[in-house]
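Visitor:
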Amino acid sequence: MEKLKRAEGRATLSDWLRGAVCWLFLAPSAWLIAFGSLVIRARLRVGEWPHAQSGTPFDGTWVDTSIDPKEFGLHHMVVWCGLGLTAWAVVIGAGVWVASLFWPRIRPPLFLRLLFIATAVACVAVVFGDVGGFFEWFLD
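With the numbering used here as the guide, the letters of the sequence shown map in order to residues 1153 to 1292.
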């Protein structure tokens, strides 16, 4: 296959793919920043770390949520919609990572690949490990 040459001011297909891969690899970082800033914003508003409801009202152990994340409107929706996009970005990004081993044209820079791995692992830890109970608060 003949290599595509860059015309004056025009990007080739390879340039577009590389740009798309870079954005794909940045998605988990963006979601972590959005989620973390939502948690910090809730902390600043109520003066304590946000927590979900717990206990039962029948035996006196009921503890209501500190603040509803929906009170933050647009910020909450960005995190909620970004969660689905990030899940797909992690799955597709892992596939692209493997594909980039065999197709160097789409391989992003090393720092971006390392950032993707670190933030993808952090996203999985936040969602499934729920360190601090913040994700449970978000879903509550």
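Backbone N, C-alpha and C fix where the C-beta goes; we use that ideal spot for every residue, glycine too.
Closer than 8 Å by C-beta to Val1278: which residues in its own chain qualify, once you throw out the five before and the five after it? Chain order, please.
Guide: Leu1184, Phe1187, Phe1286 and Phe1287, listed in sequence order.
Visitor: Are Ala1194 and Pro1221 close, meaning C-beta to C-beta below 8 Å?
Guide: Contact flag set, yes.
Visitor: Let's test the definition: count the other Cβ atoms within 10 Å of the Cβ of Cys1233 and tell me whether it reaches 16, buried, or not, exposed.
Guide: By the 10 Å Cβ count, Cys1233 comes out exposed.
Visitor: Would His1227 and Leu1178 qualify as a contact pair, given that the criterion is a beta-carbon distance under 8 Å?
Guide: Against a cut-off of 8 Å, the Cβ pair of Leu1178 and His1227 comes out as no contact.
Visitor: To the nearest whole angstrom, what separates the beta carbons of Phe1268 and Gly1245, a pair I think is in contact under 8 Å?
Guide: Contact flag correct, Cβ pair sits at about 6 Å.
Visitor: Rounding to the nearest angstrom, what Cα-Cα distance links Ala1270 and Phe1263 in this structure?
Guide: If I take the Cα positions, the gap works out to 10 Å.
Visitor: Pick out the complete beta strand (DSSP E) segments inside the segment 1172-1236, 3 residues or longer, and give them in chain order.
Guide: As far as the segment 1172-1236 is concerned, it has no whole beta strand (DSSP E) run of at least 3 residues.
Visitor: On the criterion of 16 or more Cβ atoms from any shown chain inside 10 Å, does Val1248 qualify as buried, or is it exposed?
Guide: Val1248 should be labelled buried.
Visitor: How big is the Cα-Cα spacing for Asp1167 and Ser1252?
Guide: Spanning the two alpha carbons is a distance of roughly 14 Å.
Visitor: Do you know whose CA, among Glu1200, Arg1259, Val1242 and Gly1171, lies nearest Val1276's CA?
Guide: Closest by alpha carbon: Val1242.
Visitor: State the Cα-Cα distance for the pair Arg1259 and Arg1170, rounded to the nearest angstrom.
Guide: Cα to Cα, Arg1259 sits roughly 7 Å from Arg1170.
Visitor: How many whole angstroms separate the CB atoms of Ala1204 and Trp1289, which I take to be in contact at a CB cut-off of 8 Å?
Guide: Contact flag correct, Cβ pair sits at about 4 Å.
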